[in-house]
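Working notes, beginning with the structure itself.
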Amino acid sequence: MMKHTLRVPGKALLATALFGIFLAACNDDDSPTPPPKRTKEYAFTVSTGTGGGKVTAKELTDSTFDLILRIDKSTRDTTYKFDLYKGKKEDGTLELFQTIGSIKSETTGAAIEAKWAGVKSVTVDGVTKKFNYDSLLKYKAFARVAFVRKDVTPNKDSIVAIGNIGGSAQ
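Numbering (mature numbering (1 follows the signal peptide of the UniProt record, and there is no 0)), first residue to last: -24 to -1, 1 to 146.
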């Protein structure tokens, strides 16, 4: 004589669902969520007719940073110099801290920017030292964008944009 067993498909389905829930609840994530990156923006004071601009400091995951200097409008065939200087723009002195670069505009009205990327250290007065995002926020400096006027004798820098950054902006 055969025994008839009552098969209930719902029990197997319920057991599978419970197993899946327990498995998902036990997910082991050993990689912690990295802290959010910080960003700080500084406005440029611009000369008449040049447009706006800004300096943006972006923290990277290892506390190093990128610094982006941008002017919103440029003039075709003009080479712009992007530099950082020690102190405040109001001091009137030009002690170079860091040259960011020179960029030639290829069209009138276009925005151009220079980037100091992945900064980990700087050389100040012949000494190289660690320089991270927090160091930048404390350091007293100003950013300046200029171009050389060759139509004036002797050749003269023409300031396009200037702005305090870091400790000088506070």
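Virtual Cβ for every residue (Gly too), placed ideally from N, Cα, C.
Can you tell me the Cα-Cα spacing of residue i and residue j, whole angstroms?
i: residue 52; j: residue 83; result: 4 Å
i: residue 69; j: residue 75; result: 16 Å
i: residue 93; j: residue 85; result: 25 Å
i: residue 29; j: residue 99; result: 27 Å
i: residue 65; j: residue 121; result: 12 Å
i: residue 21; j: residue 38; result: 31 Å
i: residue 34; j: residue 96; result: 13 Å
Figure out for me which residue from the options has the closest Cα to the Cα of residue i.
i: residue 60; options: 78, 103, 118, 143; result: 118
i: residue 109; options: 20, 21, 23, 43; result: 43
For a test of the three-state rule: what should DSSP assign to residue i, helix, strand or coil?
i: residue 56; result: strand
i: residue 43; result: strand
i: residue 72; result: strand
i: residue 25; result: For residue 25, the predicted structure reports a pLDDT of 48, less than 50, and the residue's modelled location is therefore unreliable. A value from the coordinates is still provided. Three-state result, residue 25: coil.
i: residue 89; result: strand
Looking at residue j and residue i, is the spacing between their C-beta atoms short of 7 Å?
i: residue 116; j: residue 144; result: yes
i: residue 81; j: residue 54; result: yes
i: residue 46; j: residue 17; result: no
i: residue 77; j: residue 112; result: no
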